[in-house]
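Asker: Chains as they are written, first to last, in the numbering used here: chain U, 1 to 463; chain D, 464 to 926. All C-beta atoms in this analysis are idealised placements derived from N, C-alpha and C, irrespective of residue type, glycine included. Below you'll find the structure I mean.
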């Protein structure tokens, strides 16, 4: 076990105390980085006996302050537990340590012809255990479903040091309550995930991507319906973003020294990215070609670009994947990820712009303290991301946005967190998405697993 | 609310007290059939206050005695709550009462171009609420995944009458513990499911089915690997059965008056059924044709039949679907559904035959008290069904089979119940599949939700 000893300076602990947006700042003096499940167990047992609070931390890529201390909680970082434990090519069942990095695991699976059923912008640093603990959604959910369906088993250390082990990882097992489900999305509040068993699908041998420009959000919805019908079982992603997001990405790429190039003859108000994954490229290209013709004929798209090779495949994906990073370059970003019925999705971005405009914070074309408001997300899942780029994080601005943003979500019976989780940011607002009965049951669950309340306090469902 | 009054005879209650295999027999004097969630709530509140035990009952098609009283528990039957509440064609989200019958719901969805993500032999009488309460698996799991991934929300009445409502049914929602997951597969022990919100996929517009005869279980596995590679995203079912199962089906069909017809030129030791579902029939047929040629070339199959029309599609499926019914005609059936690694699956059937032969109960070719032992199941899910047809249910026979069958499963770290659940039949054997830590946590969950222990006592995880 490597513990930062007394000689470590405050600076050494900074990357563990701060989140990557530089929005949340803890003051912990202790980071422990255990190497085995047994060590995690011993640490938790000790902390539980002594009544010491602990924050579990994976890749620290969260967006709601869930993996940083609020005060001086002990940070238990999983980074030293990163091994792939086993992979069975017959069943596709992968077992790994919680600290394994998503991209590493996906690359490992790619070599065997399999794919990790989850993909995220943060894949280069986020960890599988953190993904499961936050029930991460991401770019492949449309095709492969949620982690509640793909995770087959977990190894979890409970607050008193007990190890709960369901790593056997059978595809089907109806022998009692499916306890592992409670840990998926529990944000480190009832146990620390140390191992994950998950079902990896066969990697598609053919993949294609296309990006369209469109003139209205109504057309985005129409294109979504045509795409589902035309591509059927090979549709693997359907993402949208608005022109404000696209402009930020172009600016960011230019600043990064990339040569300016015209992707679309006709730019639009909205953009849609469609990805297919299948087992026969001829069939897939034919389906995609038929779809394109139909969309053109019906004048649902203004322009379209189809990747011709691997390089273009990745550069088209970058238009979507670079949005969060580009927003970060434009200022301090207030990030909201919301579930609302698809027809209502974009109106929330418009309402937010109006609200900020009325408060004198945002002006069309720039010039206000809010530099930009962009909307993008996973249409297929009803999941909208709103990024609000401010000159800096500021209580005054926050009060204009929150709880207003949660109120307009609640009006549509949506979720105030589609995938980012509650963390410290949204803990006070859970009532906008959950009933008093649900919240009361959640408190009972927390008490059952963590009676002393040592795990990730002040967050999630506050008891 | 319709309650059977004092004038009902014992015979009237028989269908509620007995299970359909005629293996489990309760002695309840009271059946209640509420029409609304509010009525369910009032009944449970009353029973909880008075300390009266209640058995929730759906279509009563279970195989482990989970939906019948053990003694004189009050039967709460959901049959009068069978409405489809709403369906949204944009998102594919269906909301229905727990008592809705699976086949009715699937037919309703078919008219709209959607499919229920679950299919079972008992679809004509099983109910959605019961399917969720038992986490039913069935024939479409390979393609659409488990109910833990497809169920989006539940309405559940807790033992004290409180209504837990998460029917909003968003595709993504990370605001606190995903409590609904606990009810999926809880077998009516912590709450009574009254409403279900579930994601229905688009119904494939092209469907094909083929059945192959093979000479060994090793070839079954090889064909499975070739099929996954060749059919990729359009593979929707991969079922296998042994020649003993096939003989029972042929006999049953003949006794039912169907004209005898030769399905295969060359019969085999094993049979495999492959189903595809896609959005372009030309593409699907080409993939299937290529696969067939490859399997013939490599001599992995002895013979193959491809359905040419809807009638043949259904008659080929009947070869697989009629197995349980045909076994039932052959005697009193001991049914086991087990999860084990695919390479080990069939050896369990062989071990069971050996065991019964050594005990003088079974002879190759017939003549013993055990008339037949058949193996079939869902290779894609690692799920094996063993049916043992006896002259009658008998403790002596049972003692030869159990716990032996659970011991050989535990040796392979498998599950003693892949999909049927625990009920009263397997409650005593949970230790073969779950650790003491898991069982202890389950008992705590039960106590948290049902402190007086009124719901479905003597079953599942016995506190």
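Could you please tell me which residues of the segment 144-178 of chain U, in chain order, have their CB closer than 8 Å to any CB of chain D?
Answerer: 145, 146, 148, 149, 150, 162, 163, 164, 165, 166, 168, 170, 171, 172, 173, 174, 175, 176, 177 and 178
Asker: Within 8 Å of any Cβ in chain U, is that where the Cβ of residue 666(D) sits?
Answerer: no
Asker: Which residues in chain U have a C-beta closer than 9 Å to the C-beta of residue 744(D)? List them in chain order.
Answerer: Near residue 744(D) there are no residues of chain U at all, since even the closest Cβ is about 11 Å away, more than 9 Å.
Asker: How close, in whole Å, do the beta carbons of residue 51(U) and residue 452(U) come, if the pair is a contact with beta carbons under 8 Å?
Answerer: 6 Å
Asker: When DSSP builds the beta bridges, which residues end up paired with residue 25(U)?
Answerer: 18(U)
Asker: Under three-state DSSP, which class holds residue 772(D)?
Answerer: coil
Asker: If we define contact as Cβ-Cβ less than 8 Å, is residue 420(U) a contact residue for chain D?
Answerer: Chain D, which has a Cβ nearer than 8 Å to the Cβ of residue 420(U), makes this yes.
Asker: For the beta strand (DSSP E) containing residue 912(D), list its first residue and its last residue.
Answerer: Per DSSP, residue 912(D) belongs to no beta strand (DSSP E); it is in the alpha helix (DSSP H), 899-912.
Asker: Could you name the residues of chain D that residue 198(U) contacts, counting a contact when the two beta carbons are closer than 7 Å?
Answerer: Within chain D, no residue has its CB atom less than 7 Å from the CB of residue 198(U), the nearest being about 12 Å off.
Asker: Using CA atoms only, rank isn't needed, just tell me which of 241(U), 222(U), 103(U) and 314(U) is closest to residue 207(U).
Answerer: 314(U)
Asker: Helix, strand or coil for residue 10(U) per DSSP?
Answerer: helix
Asker: At the level of alpha carbons, what is the spacing between residue 253(U) and residue 272(U)?
Answerer: Near 19 Å, if we compare the C-alpha coordinates of residue 272(U) and residue 253(U).
Asker: Quick one: what does DSSP say residue 921(D) is sitting in, helix, strand or coil?
Answerer: coil
Asker: With H, G and I counted as helix, E and B as strand and the rest as coil, what does DSSP make of residue 127(U)?
Answerer: strand
Asker: Within the 8 Å Cβ cut-off, does residue 828(D) reach chain U?
Answerer: no
Asker: Between the segment 736-748 of chain D and the segment 662-676 of chain D, can you find at least three pairs of beta-carbon atoms closer than 8 Å?
Answerer: The segment 662-676 of chain D vs the segment 736-748 of chain D: in contact.
Asker: Starting from residue 224(U), trace the beta strand (DSSP E) in both directions and tell me its first and last residue.
Answerer: Run containing residue 224(U): none in the beta strand (DSSP E); it sits in the alpha helix (DSSP H), 217-231.
Asker: Who are the neighbours of residue 598(D) on chain U, taking C-beta pairs under 7 Å?
Answerer: 174
Asker: Please determine, among 644(D), 537(D), 613(D) and 629(D), the residue with the shortest C-alpha to C-alpha distance to residue 658(D).
Answerer: When each option's Cα is compared against that of residue 658(D), the closest is 629(D).
Asker: Using the rule of at least 16 other Cβ atoms within 10 Å of the residue's Cβ for burial, across every protein chain shown, is residue 835(D) buried or exposed?
Answerer: So residue 835(D) ends up on the buried side.
Asker: With distances taken from CA atoms, which of 328(U), 108(U), 345(U) and 390(U) is nearest residue 251(U)?
Answerer: 328(U)
Asker: Let me check one thing: in DSSP terms, what residues is residue 520(D) bridge-paired to?
Answerer: 540(D)
Asker: Looking only at its chain, what residues have a beta carbon closer than 8 Å to the beta carbon of residue 480(D), apart from the 5 residues adjacent to it on each side?
Answerer: Same-chain partners within the cutoff: 488, 489, 490, 491, 531, 532 and 538.
Asker: Between the Cα of residue 139(U) and the Cα atoms of 350(U), 447(U), 287(U) and 321(U), which residue gives the shortest distance?
Answerer: Sorting 350(U), 447(U), 287(U) and 321(U) by C-alpha distance to the C-alpha of residue 139(U) places 321(U) at the top.
Asker: Less than 8 Å between the beta carbons of residue 546(D) and residue 563(D), yes or no?
Answerer: yes
Asker: What is the DSSP secondary structure of residue 673(D), counted as helix, strand or coil?
Answerer: In the three-state DSSP reduction, residue 673(D) falls in the strand class (E or B).
Asker: Would DSSP call residue 276(U) helix, strand or coil?
Answerer: strand
Asker: Select from the segment 839-856 of chain D all residues with a C-beta closer than 9 Å to any C-beta belonging to chain U, and list them in chain order.
Answerer: 841, 843, 844, 845 and 846
Asker: Who are the neighbours of residue 435(U) on chain D, taking C-beta pairs under 7 Å?
Answerer: 628
Asker: Should residue 2(U) be labelled buried (16 or more other beta-carbon atoms within 10 Å of its own) or exposed?
Answerer: Caution applies to residue 2(U), whose pLDDT of 43 falls short of 50 and renders its modelled position unreliable; the value that the coordinates give is listed next. Per the 10 Å Cβ criterion, exposed.
Asker: Closest to residue 142(U) by C-alpha separation, out of 282(U), 287(U), 237(U) and 448(U), would be which residue?
Answerer: 237(U)
Asker: Is there at least one Cβ from chain D nearer than 8 Å to residue 442(U)'s Cβ?
Answerer: yes
Asker: If we ignore side chains and look at the alpha-carbon of each, how far apart do residue 436(D) and residue 408(U) end up?
Answerer: It is not possible to answer for residue 436(D), since the shown part of chain D is limited to 464 through 926.
Asker: DSSP three-state label for residue 372(U), please.
Answerer: Strand.
Asker: I need the straight-line Cα distance from residue 151(U) to residue 876(D), nearest angstrom please.
Answerer: 18 Å
Asker: Using a Cβ cut-off of 8 Å, which residues of the segment 554-580 of chain D contact any Cβ in chain C, in chain order?
Answerer: Looking at the structure shown, chain C is missing, and the protein chains on hand are U and D.
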